[in-house]
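Enquirer: In the UniProt record's numbering, the protein residues as written are 1 to 515. Virtual Cβ for every residue (Gly too), placed ideally from N, Cα, C. The following block contains the structure, expressed as structure tokens.
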């Protein structure tokens, strides 16, 4: 008995004498498999069935297979993705799909095998494909505890024992024929508007993958990338993939480069040197061949240094959130008072040895020593500069020091307007003589009971390194005290930038430029 099709359906329903409902897909006869149909290869046959499934509105799945001892596939089973049941709810059904062994016993192999083969060479082991690995039954000795069950991911199964399938049989000379074809399904086919979400109709091509990678470089996640791609192609129906596909590709990409991204970065920098001889980089590894130090400077950076390299600032306050590496950019100021980058480095340790290596590589790349170097208060950095370039004038960045003021004085003084006004007028003034500065500093410390405060004591002992009163005649290009410049540098190389560069790996780091 046959029921009428509902609007939008791509299959019609039939009722067997046992009152079982079956749905038969509607499809052109030349797009439908038929027993005896021959294909030049097994893959061509599988592709033909996939196209048939795509047109009809269901997902196929590779199932079991039987191989010859030489590795040749004799039988290949392709089923509907709703075939079978989950292992914990196996249902006895007299009408189940016959196994490959059943088909093998009923087949006439003498007419299908090459003349060089005989029946004694046939391997009796049936291997399941990766796509259907969850059909294997668990061993009786495996018992799950209550905790294991609660930690399992609960997924709704769509399997309902559908018997639709196609069986391909080897027929000699590399060809395969349709040995069995069952077109009846025990479920409805998807409507036309929903077919786009079938796995067989979803595919991330090169354009999709390139778009996801470019979005990742711009710190755009997979979900937002999916929406942007939808807007660019004109709708969800034109994407050809789902948001989950976008997320899975980002996950797989991260897993692919896991553990080898350091080598990928080094290889990429070597290729940069081959393309442009002016590109400079160097690196160092530890006894376990783990990347510990790396330094690079592209041609534009080196040219900027030759023009504006009188004063150099390098800051080691940018720590990555995945590798625990320290990013150290070397920056300066051009004639338009804009920040320019001279070089950059990555260090696994903030010790004297690492900074000596980094400063030495910087001097090797630039070929000359700057007049003045501005850093933060890191003592290891100070020792390294004295060792490598002892004659350079070394100063501390006022912005980094004063940025810590509110956290050092506590919640009360940090909100005291009078205190902040007085301390800033003493520190930031260019016109105070050293003796006047010391007098005013002592007055502020006395009035607010900070004479014994260790942080202020240390700052006063280092006053010749950061107070402008002691080096008013020294050209500093505005790097020592300009708050907006330091904030701009932090914004460019700061947390948001680092989260982009390091969540996926070293290979995601912003690429060096080659003119």
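Return the chain-ordered list of same chain residues with a C-beta closer than 7 Å to the C-beta of residue 34, the five sequence neighbours on each side being excluded.
Expert: Around residue 34: 178, 181.
Enquirer: Where does the unbroken alpha helix (DSSP H) through residue 85 begin, and where does it stop?
Expert: Taken as a continuous stretch (DSSP letters only), residue 85 belongs to no alpha helix (DSSP H), as it is neither H nor E.
Enquirer: Just verifying my parser: in three-state terms, what is the DSSP assignment at residue 419?
Expert: Residue 419: helix per DSSP, three-state reduction.
Enquirer: Which residues does DSSP pair with residue 528 in a beta bridge?
Expert: No statement about residue 528 is possible, as the shown extent of the chain runs from 1 to 515 and does not include it.
Enquirer: Taking DSSP as the reference, what is the three-state secondary structure of residue 538?
Expert: Examination of residue 538 is not possible in this model, given that the chain is present from 1 through 515 alone.
Enquirer: Name the two residues that bound the continuous alpha helix (DSSP H) containing residue 51.
Expert: Counting along the chain, the alpha helix (DSSP H) containing residue 51 begins and ends at 42-56.
Enquirer: Ordered along the chain, which non-local residues of its own chain (more than five positions away) have a Cβ less than 7 Å from that of residue 308?
Expert: Only 332, 333, 334, 340 meet the Cβ criterion.
Enquirer: Report back the beta-carbon spacing between residue 164 and residue 184 to the nearest angstrom; my notes put them in contact at under 8 Å.
Expert: 6 Å between Cβ atoms; contact.
Enquirer: Would you mind reading off the limits of the beta strand (DSSP E) that contains residue 182?
Expert: Segment 176-182, the beta strand (DSSP E) holding residue 182.
Enquirer: Span of the beta strand (DSSP E) holding residue 169?
Expert: Residue 169 -> beta strand (DSSP E) spans 165-170.
Enquirer: Going by the CB atoms, is the gap between residue 416 and residue 396 shorter than 9 Å?
Expert: Not a contact, by the Cβ cut-off of 9 Å.
Enquirer: Can you say whether residue 190 is buried or exposed, counting buried as having 16 or more other CB atoms within 10 angstroms of its CB?
Expert: When all chains shown are included, residue 190 counts as buried.
Enquirer: Taking the straight line between their C-alpha atoms, what separation do you get for residue 463 and residue 423?
Expert: So the alpha carbons of these two residues sit roughly 14 Å apart.
Enquirer: Under the three-state reduction of DSSP, which class applies to residue 385: helix, strand or coil?
Expert: Note: residue 385 maps to helix in three-state DSSP.
Enquirer: Does the Cβ of residue 432 have 16 or more other Cβ atoms within 10 Å, making it buried, or fewer, making it exposed?
Expert: With 16 or more other Cβ atoms within 10 Å, it is buried.
Enquirer: Per DSSP, what kind of secondary structure is residue 298 in: helix, strand or coil?
Expert: DSSP places residue 298 in coil when its eight states are reduced to three.
Enquirer: Taking only three categories from DSSP, how would you classify residue 343?
Expert: Residue 343: strand per DSSP, three-state reduction.
Enquirer: So which of 413, 404, 278, 367 has the shortest CA-CA distance to residue 310?
Expert: If we check each option's Cα against that of residue 310, 367 comes out closest.
Enquirer: Would you kindly work out how many angstroms separate the C-alpha atoms of residue 85 and residue 76, rounded to a whole number?
Expert: Taking the straight line joining both Cα atoms gives about 20 Å.
Enquirer: Can you list, in chain order, the residues of its chain whose CB lies under 7 Å from that of residue 211, leaving out five sequence neighbours each side?
Expert: Cβ within range, chain order: 225, 229.
Enquirer: Let me check understanding here. Comparing Cα to Cα, which of 188, 242, 79 lies closest to residue 25?
Expert: Of the candidates 188, 242, 79, the one whose C-alpha sits nearest the C-alpha of residue 25 is 188.
Enquirer: Out of 290, 323, 315, 276, point me to the one whose CA is closest to residue 300's CA.
Expert: Among 290, 323, 315, 276, the Cα nearest to that of residue 300 belongs to 276.
Enquirer: For residue 11 and residue 195, I'd like the C-alpha separation in whole angstroms.
Expert: So the alpha carbons of these two residues sit roughly 13 Å apart.
Enquirer: With a CB to CB cut of under 7 Å and the five nearest residues on each side skipped, what residues in its chain are close to residue 200?
Expert: Same-chain partners within the cutoff: 50, 53, 54, 59, 60.
Enquirer: Please confirm whether residue 350 and residue 316 have their CB atoms less than 9 Å apart.
Expert: Contact: yes.
Enquirer: Skipping 5 residues on each side, what residues in its chain have a beta carbon closer than 6 Å to that of residue 440?
Expert: Cβ neighbours of residue 440 beyond the five flanking positions: 426.
Enquirer: How would you write the range of the alpha helix (DSSP H) that residue 437 sits in, first residue to last?
Expert: Counting along the chain, the alpha helix (DSSP H) containing residue 437 begins and ends at 434-447.
Enquirer: Rounded to whole angstroms, what's the CA-CA distance from residue 236 to residue 251? Just pull it up for me.
Expert: One C-alpha to the other measures close to 22 Å.
Enquirer: Are there 16 or more other CB atoms within 10 angstroms of the CB of residue 264, so buried, or fewer, so exposed?
Expert: It counts as exposed.
Enquirer: In terms of DSSP beta bridges, what is residue 353 paired with?
Expert: Its beta-bridge partners do not exist; DSSP assigns none.
Enquirer: Taking the alpha carbon of residue 459 as the reference point, which residue from 71, 411, 400 has its own alpha carbon closest?
Expert: Minimum Cα distance to residue 459 is reached at 400.
Enquirer: Who are the Cβ neighbours of residue 345 in its own chain at under 6 Å, not counting the five residues just before and after it?
Expert: Around residue 345: 295, 328, 358.
Enquirer: Answer with buried or exposed for residue 451, where buried requires no fewer than 16 other C-beta atoms within 10 angstroms of its C-beta.
Expert: Flag for residue 451 reads exposed.
Enquirer: Can you tell me whether residue 469 is buried or exposed? The criterion is at least 16 other CB atoms within 10 Å of its CB, across all chains shown.
Expert: With 16 or more Cβ atoms within 10 Å of its Cβ, residue 469 is classed as buried.
Enquirer: Using the Cα positions of residue 457 and residue 437, report the straight-line distance between them to the nearest angstrom.
Expert: One C-alpha to the other measures close to 15 Å.
Enquirer: Bridge partners of residue 332, per DSSP?
Expert: Answer is 340.
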